[in-house]
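Here is the structure we will look at, set down as structure tokens.
There are 6 protein chains.
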Amino acid sequence: MSTERFERGAARLAEMGGDIDNIVAPLAEVAPDLARFVGEFAFGDLYTRPGLDLRQRQLATIAALVTLGDTERQLRFHINAALTVGLTPAEIVETIIHLLAFAGNPRVFNAMLVAKSVFADRDLLPVVG
Amino acid sequence: MSTERFERGAARLAEMGGDIDNIVAPLAEVAPDLARFVGEFAFGDLYTRPGLDLRQRQLATIAALVTLGDTERQLRFHINAALTVGLTPAEIVETIIHLLAFAGNPRVFNAMLVAKSVFADRDLLPVVG
Amino acid sequence: MSTERFERGAARLAEMGGDIDNIVAPLAEVAPDLARFVGEFAFGDLYTRPGLDLRQRQLATIAALVTLGDTERQLRFHINAALTVGLTPAEIVETIIHLLAFAGNPRVFNAMLVAKSVFADRDLLPVVG
Amino acid sequence: MSTERFERGAARLAEMGGDIDNIVAPLAEVAPDLARFVGEFAFGDLYTRPGLDLRQRQLATIAALVTLGDTERQLRFHINAALTVGLTPAEIVETIIHLLAFAGNPRVFNAMLVAKSVFADRDLLPVVG
Amino acid sequence: MSTERFERGAARLAEMGGDIDNIVAPLAEVAPDLARFVGEFAFGDLYTRPGLDLRQRQLATIAALVTLGDTERQLRFHINAALTVGLTPAEIVETIIHLLAFAGNPRVFNAMLVAKSVFADRDLLPVVG
Amino acid sequence: MSTERFERGAARLAEMGGDIDNIVAPLAEVAPDLARFVGEFAFGDLYTRPGLDLRQRQLATIAALVTLGDTERQLRFHINAALTVGLTPAEIVETIIHLLAFAGNPRVFNAMLVAKSVFADRDLLPVVG
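Protein chains in written order, with my numbering: chain A, 1 to 129; chain B, 1001 to 1129; chain C, 2001 to 2129; chain D, 3001 to 3129; chain E, 4001 to 4129; chain F, 5001 to 5129.
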């Protein structure tokens, strides 16, 4: 099933601290093609494009996930990835606070508690601005 | 409190593998009229209309719930109902994958894990395309 | 860090049955400025304005939270606050039912179960219309 | 096609300054049943319930529509209805401003321009707080 | 720039009554890669999969677009495509009405007016159930 | 009515190529306090914080607005501001394309046409990657 685009996506995901098996395994019995599409398209096609570096991409991704809502699982992964590619905890916190103007308090408050939990797991608390 | 429309809705719900008591009972002390409206309007008026069969309705319902987000409870019920009215696990999986183009990955991924859990409860894994 | 606007917000929150420390404490290590902004702006600037009383504000707040989705934490707080400022359980239930026309069944059903849980905690069940 | 619930809804709508024909006519060739359902359910069942007066219902409705987005047509109607049932321009403005905390600036700003347009049509500008 | 996946997507789109040039041309000066991704992924990868026929896919697509909101442009295209692949006007109308239970009246009402406009352009009014 | 926070916000907005009068004037007769809050809080408090530079803030803002939907007016302003603070057309295009994975095609396609229109107004077409 593996394609060149999928391999490229898996490699990009690894640079972000992720493991393609964590997408492939839970979908194996229900929708292996979904895992393939995520690997090929999201990580293989989109995340490997030039034009924005990975820190910029994680900034945009976090902003989108906070705004969308019902994305705790995704925020947890992408905040971890943001740290791996070099965004600081303070930059992530600042991005979420910034969204008070656009997404409203509930989205921001919920996302900040996810960020806190990720930072705690990585022993990054307290965040120093 | 029971009306003809409500009885018709309860019967329709039963065809879908549901039990109107699972709507009535949890709302009994807080909002019995909400249970009545859901029975009368959603299941009695809308779900009993001609023009689309129940498999088409469950296709549309699942697509709406995936897109809306924060609907795990409803997806669990309506994926079960979809199976009961004759959609196959493969058709349900395919519907959710299709929404990658319209609702984005987070909605699709979360919904697929709900589908997997429903299929596991009914001993329907692995899904064969 | 405390400002006049923040103190005013904390006082308003107290009138609503809340405690600013429940916002400040969980954010202390991750984003103390977010707690300050919520205190200053949402509760200090907006919630203290004349023109609507607190019961009207809680009506509008609950309608917004139900519609937004993924707001269980906020609904729990604001339904409690609605009771504290004088809305009856029946008025809160009625507001949520009203939203069937605008936000769809899933949002309404999920919110009603949160309301039921809040009412149960305050020994307010059954709700009498 | 007219039912008792529909007639009751049409009467309620008239109290709100609306005209059921403005719903029936544009849908006549495409979906007359949709007009019937809106008349019967939204206006006949929901809007005629006791427990909240029409000013409270319009407060909740406006809050829901602002938060939902892509509702200019509905906001225009329901802000007009809010004025007809006795909410003042200042109360409507205050409700929209209140939502800065929950729905974010873009939703609030767009809705306020709709309110301004409705007030201008009714010669209610400037709004005095 | 053309790939096998893109060619397959363009062919699929043509079966749906669309023309890939209507995606390529407006994006040519701003984001040709976006046109390529839409052709390759949405139409080439997703829309050509077995497991659901095109009528089922258009049912799901319309349900998703109605629920998402702010999708008039997309609804116009996909309602046209739904007709081309064999859904009847009555089935499309019925799908939109069905969503009253899940997406709320404003989304349904706005979508129905788009459907009416598409049907009028194709001389398909009045719709006979 | 002018406060230190408002003046700071107006100055920040000017750095972004905006003019506070374009917010103040249209709201003057309907909701001058809304203009004050936007100036004080969004531009005065949030946009002047350290921790993220203006290019990072505009990246996050655009991602949030694309995802939220029904934000054409805001996208038009903030894409212009993004250019003013130094993001290139190619970076803006890339940010919008990136969101295919998170917000779905309709949000991305609509936003790209807004970007194209802004770039055309500033004679920045074609965009060179």
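The C-beta atom is built at its ideal place from N, Cα and C for all residues, glycine as well.
It should be emphasised that the depicted structure is a prediction, and the values quoted were computed from it without experimental measurement.
Cross-chain neighbours of residue i in chain D, by beta carbon under 9 Å
{"i": "V4085 (chain E)", "result": "What V4085 (chain E) touches in chain D: nothing, since even the nearest Cβ is about 20 Å away."}
{"i": "V4133 (chain E)", "result": "An answer regarding residue 4133 (chain E) cannot be provided, because it is not within the stretch 4001 to 4129 covered by chain E."}
{"i": "R5012 (chain F)", "result": "Here the premise fails: no neighbours, minimum Cβ distance about 15 Å."}
Whole-angstrom distance between residue j and residue i, CA atom to CA atom
{"i": "H98 (chain A)", "j": "L5068 (chain F)", "result": "15 Å"}
{"i": "R2122 (chain C)", "j": "M112 (chain A)", "result": "29 Å"}
{"i": "R2057 (chain C)", "j": "V2066 (chain C)", "result": "14 Å"}
{"i": "A1082 (chain B)", "j": "G1051 (chain B)", "result": "17 Å"}
{"i": "D5045 (chain F)", "j": "G129 (chain A)", "result": "16 Å"}
{"i": "A5011 (chain F)", "j": "F3109 (chain D)", "result": "20 Å"}
{"i": "K5116 (chain F)", "j": "D4019 (chain E)", "result": "21 Å"}
{"i": "F3986 (chain E)", "j": "I4079 (chain E)", "result": "Chain E is shown from 4001 up to 4129; residue 3986 (chain E) falls before or after that span and cannot be answered."}
{"i": "D2033 (chain C)", "j": "E15 (chain A)", "result": "32 Å"}
{"i": "S2 (chain A)", "j": "S4002 (chain E)", "result": "22 Å"}
Residue i: contacting residues in chain C (beta-carbon distance under 9 Å)
{"i": "E1029 (chain B)", "result": "K2116, F2119, A2120, L2125, P2126, V2127"}
{"i": "L1065 (chain B)", "result": "P2106"}
Minimum Cβ-Cβ distance from residue i to chain F less than 8 Å
{"i": "T48 (chain A)", "result": "no"}
{"i": "F102 (chain A)", "result": "yes"}
Of the residues the options, the one placed nearest residue i, counting alpha carbons only
{"i": "V2004 (chain C)", "options": "C:F2041, C:L2027, C:N2022", "result": "The amino acid occupying residue 2004 (chain C) in the given sequence is Glu; Val does not appear at that position. Per the Cα distances, C:F2041."}
{"i": "L1059 (chain B)", "options": "B:F1043, B:R1049, B:V1093, B:N1110", "result": "B:V1093"}
{"i": "G4017 (chain E)", "options": "E:F4043, E:L4027, E:T4084, E:G4044", "result": "E:T4084"}
{"i": "F2077 (chain C)", "options": "C:F2119, C:F2006, C:L2034, C:A2028", "result": "C:F2119"}
{"i": "E5091 (chain F)", "options": "A:Q74, A:L54, A:A90", "result": "A:L54"}
{"i": "R3107 (chain D)", "options": "D:P3032, D:Y3047, D:L3075, D:L3124", "result": "D:L3075"}
{"i": "V4024 (chain E)", "options": "E:D4045, E:A4014, E:A4035", "result": "E:A4035"}
{"i": "L4013 (chain E)", "options": "E:D4033, E:E4029, E:T4048, E:P4026", "result": "E:T4048"}
Neighbouring residues, chain E, relative to residue i (Cβ below 9 Å)
{"i": "G3069 (chain D)", "result": "G4069, D4070"}
Interface flag, residue i vs chain A, CB-CB below 8 Å
{"i": "P2106 (chain C)", "result": "no"}
{"i": "N1110 (chain B)", "result": "yes"}
8 Å Cβ cutoff, residue i in contact with chain D
{"i": "Q2058 (chain C)", "result": "no"}
Beta-carbon gap between residue i and residue j smaller than 8 Å
{"i": "E72 (chain A)", "j": "V114 (chain A)", "result": "yes"}
{"i": "A3064 (chain D)", "j": "G104 (chain A)", "result": "no"}
{"i": "F1043 (chain B)", "j": "G1009 (chain B)", "result": "yes"}
{"i": "R3070 (chain D)", "j": "D5070 (chain F)", "result": "Note on residue identity: the sequence assigns Asp, not Arg, to residue 3070 (chain D). For D3070 (chain D) and D5070 (chain F), yes; Cβs fall inside 8 Å."}
{"i": "L1125 (chain B)", "j": "E29 (chain A)", "result": "yes"}
{"i": "A3101 (chain D)", "j": "V4127 (chain E)", "result": "no"}
{"i": "T3088 (chain D)", "j": "I3062 (chain D)", "result": "no"}
Partner residues on chain E for residue i, Cβ-Cβ distance less than 8 Å
{"i": "L3054 (chain D)", "result": "Simply none; closest approach about 17 Å."}
Cutoff 8 Å: residue i Cβ touching any chain B Cβ
{"i": "D3019 (chain D)", "result": "no"}
{"i": "I4023 (chain E)", "result": "no"}
Partners in chain F for residue i, counting only beta-carbon separations shorter than 9 Å
{"i": "F2037 (chain C)", "result": "F5041, D5045, L5046"}
Interface residues of chain C facing residue i [CB-CB closer than 7 Å]
{"i": "I62 (chain A)", "result": "None at all; the shortest Cβ gap to chain C is about 14 Å."}
Contact with chain C by residue i, beta-carbon distance below 8 Å
{"i": "R1073 (chain B)", "result": "yes"}
{"i": "I97 (chain A)", "result": "yes"}
Proximal chain D residues relative to residue i, where beta-carbon distance stays under 7 Å
{"i": "M4016 (chain E)", "result": "Per Cβ cutoff of 7 Å: no residues; M4016 (chain E) is ~22 Å from chain D at best."}
Under 7 Å from the C-beta of residue i: neighbouring residues of chain B
{"i": "A3968 (chain E)", "result": "Outside the shown range of chain E (4001 to 4129) lies residue 3968 (chain E), about which nothing can therefore be said."}
Proximity test, residue i beta-carbon vs the ligand FMN heavy atom, cut-off 7 Å
{"i": "N80 (chain A)", "result": "What this structure holds is no ligand at all, so the ligand FMN is not there to describe."}
Contact with chain H by residue i, beta-carbon distance below 8 Å
{"i": "A3090 (chain D)", "result": "No chain H appears in this structure, whose protein chains are A, B, C, D, E and F."}
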